[in-house]
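This report refers to the structure that appears directly beneath it.
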Amino acid sequence: MSQSGGDSSDERGRAEDEQVAAPSLKSSVGAAHARILGLGGYRPTRVVTNDEICELIDSTDQWIRERSGIETRRFAAPDESVVDMSVAAGGKAIAQAGLQPEQISAVIVATVTHPLQTPSAAADVAHRLGATDAAALDVSAACAGFCYGVSMANDMVRGGSAEHVLVIGCEKLSDFTDSYDRSTAFIFGDGAGAVVIGPSNEPGIAPTVWGSDGSQYDAITQRASWIDVRDSDIEFPALTMQGQKVFRWAVWQMAPVAKKALEAAGITADDLGAFIPHQANMRIIDAMAKTLGLPAHVPVARDIKDTGNTSAASIPLAMERMLETGEAKSGDLALLIGFGAGLVYAAQVVRLP
Ligand code: UT7
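Residue numbering for the sequence shown follows our numbering, beginning at 10 and increasing consecutively.
Listed below in structure tokens is the structure:
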């Protein structure tokens, strides 16, 4: 009996045979675990004091110190780019990992201040470092960008899509800050920090706890889009920030995220060798450390004092500082948490390189 549509049993049989004969796909196989193999930072040479910032805004050195904990920050030179700073930090991280640039299979640059919409900073960074043929992309997750990159690199190494991933957090915020806006001019700085993430016999990066709250999209944003700039006679669209709103969110919402990251790692605060939060504001850092109930023996990164808030670069720069000063040691467990524009956040426990 023929079927409607002319699908005879012979034809059905052939279709089934063809399905059986279809080749199966290969799946990538990665390393059992991943860890940070090398670390490098780059701080521009020019030190900018609060007094210099106050030449253009109605503020004081004392107000900036009390409200943010910042005493000085670094600004890149006019001709020093996000790519230049990324290459400097990335080269150090590759050398510390004991690798050659051509062994890097992917480059992730977390940044919101690369001044070209396209191409990415990462493609140029990979080329300039000699990471020939590496996959390259930028990540726009603001001050959480470094932790986002670490999470992605961890999964790439374990999933088999890359063996060694260079993750860079880099910002030239001095280019995107209105130096006459007293709600932002004093807080931001420039710099770059990088890590190489690769295969490991032991887990070196615990699960990431991450997410977003786009209902607060306007809390930190550019004043206008590039389309507005094209279509109307407006000034450069610098960053704006509703400081108090972000402050409250960070203090109340981020400590629970950090706690979840500890749980996801299967450790307690007592096991930590360092707490390295995004260097947003010294008061936020202190409030988070208190809410987390960190034991007195766990050192807390306070790099913001003379670095300012460098967004995606702040965590790797603070990590490098803690290792250089001996506050934290190679092999220690460190709790990282980044949070910022989006609003977005990410936290994870890592073993320090
Ligand atoms: O990195 C990405 C995420 N970003 C953050 O996490 C930043 C979070 N926010 C902050 O760190 C803080 O909100 C700031 C440091 C930006 C500002 O500190 P604040 O304690 O929240 O200051 P405020 O905005 O509440 O202002 C307090 C007072 C106001 O005066 P009144 O209304 O009390 O008379 C402001 O007008 O301070 C005044 N003010 C200033 N005074 C001197 C605001 N900015 C300044 C200034 N100098 N630069």
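A virtual CB, placed ideally from N, CA and C, is assigned to each residue, including glycine.
Quick caveat, the model's predicted, so the values are computed rather than measured.
Measure the alpha-carbon distance for residue i versus residue j and round it to whole angstroms.
i: Leu48; j: Asp242; result: 44 Å
i: Ser68; j: Gly302; result: 34 Å
i: Ala144; j: Gln71; result: 46 Å
i: Met94; j: Phe155; result: 15 Å
i: Ala194; j: Gly223; result: 25 Å
i: Thr120; j: Asn210; result: 31 Å
i: Ala296; j: Ala264; result: 9 Å
i: Arg44; j: Asp240; result: 47 Å
i: Val92; j: Pro32; result: 43 Å
i: Gly275; j: Ala86; result: 44 Å
i: Val204; j: Val118; result: 11 Å
i: Ala267; j: Ala30; result: 50 Å
i: Ile313; j: Leu344; result: 17 Å
i: Val359; j: Thr334; result: 19 Å
i: Glu111; j: Asp142; result: 8 Å
i: Ile236; j: Thr249; result: 18 Å
i: Lys338; j: Leu34; result: 44 Å
i: Gly168; j: Ile62; result: 46 Å
i: Thr277; j: Leu271; result: 6 Å
i: Tyr189; j: Lys101; result: 35 Å
i: Gln126; j: His136; result: 18 Å
i: Glu64; j: Ile196; result: 15 Å
i: Asp221; j: Gln105; result: According to the sequence as given, residue 221 is Ser; it is not Asp. If you take the alpha carbons of Ser221 and Gln105, they lie about 33 Å apart.
i: His306; j: Thr300; result: 16 Å
i: Arg232; j: Ser90; result: 22 Å
i: Glu336; j: Gly252; result: 30 Å
i: Ala355; j: Ala321; result: 12 Å
i: Gln109; j: Ile103; result: 7 Å
i: Ala273; j: Leu281; result: 14 Å
Going by the beta-carbon positions, is the gap between residue i and residue j smaller than 8 Å?
i: Val159; j: Gln288; result: no
i: Ile66; j: Arg257; result: no
i: Gly198; j: Thr316; result: yes
i: Pro304; j: Asp341; result: no
i: Gly202; j: Gly50; result: yes
i: Asp184; j: Pro128; result: no
i: Pro212; j: Val166; result: no
i: Ala131; j: Ile113; result: no
i: Gly200; j: Arg311; result: no
i: Val372; j: Leu138; result: No information on residue 372 is available, as it lies outside the stretch 10 to 362 that the chain covers here.
i: Lys269; j: Gln225; result: no
i: Asn59; j: Arg74; result: yes
Roughly how far, in whole angstroms, is the beta-carbon of residue i from the beta-carbon of residue j, given that I think they are within contact range, below 8 Å?
i: Val176; j: Ile206; result: 6 Å
i: Ala247; j: Asp187; result: 4 Å
i: Gly78; j: Asn290; result: 7 Å
i: Lys181; j: Thr230; result: Contact doesn't hold; Cβ gap of about 18 Å is too wide.
i: Ser170; j: Ser37; result: 6 Å
i: Met331; j: Pro308; result: 7 Å
i: Val134; j: Gly99; result: 6 Å
i: Thr81; j: Val57; result: 6 Å
i: Val367; j: Ile294; result: Residue coverage of the chain in this structure runs from 10 to 362, which leaves residue 367 outside it and unanswerable.
Decide if residue i is buried, meaning its Cβ has at least 16 other Cβ atoms within 10 Å, or exposed.
i: Asn163; result: buried
i: His173; result: buried
i: Thr319; result: buried
i: Ala298; result: buried
i: Phe84; result: buried
i: Gly9; result: Residue 9 is absent from the model: the chain starts at 10 and stops at 362.
i: Asp88; result: exposed
i: Asp147; result: buried
i: Ala41; result: exposed
i: Gly14; result: Caution is warranted here: a pLDDT of 39 is assigned to Gly14, below 50, making its placement in the model unreliable, and no coordinate value can be reported.
i: Glu329; result: buried
i: Phe245; result: exposed
With a threshold of 8 Å, are at least 3 pairs of Cβ atoms found where one atom belongs to the segment 214 to 221 and the other to the segment 146 to 165?
They touch, by the three-pair rule.
If you pair each beta-carbon of the segment 321 to 329 with each one of the segment 284 to 300, do three or more pairs fall below 8 Å?
Under the 8 Å Cβ criterion, the segment 321 to 329 counts as touching the segment 284 to 300, having at least three qualifying pairs.
Measuring CB atoms only, is the segment 145 to 152 touching the segment 334 to 351, in the sense that at least three cross pairs come out at less than 8 Å?
Contact between the segment 145 to 152 and the segment 334 to 351 is present, because at least three Cβ pairs lie under 8 Å.
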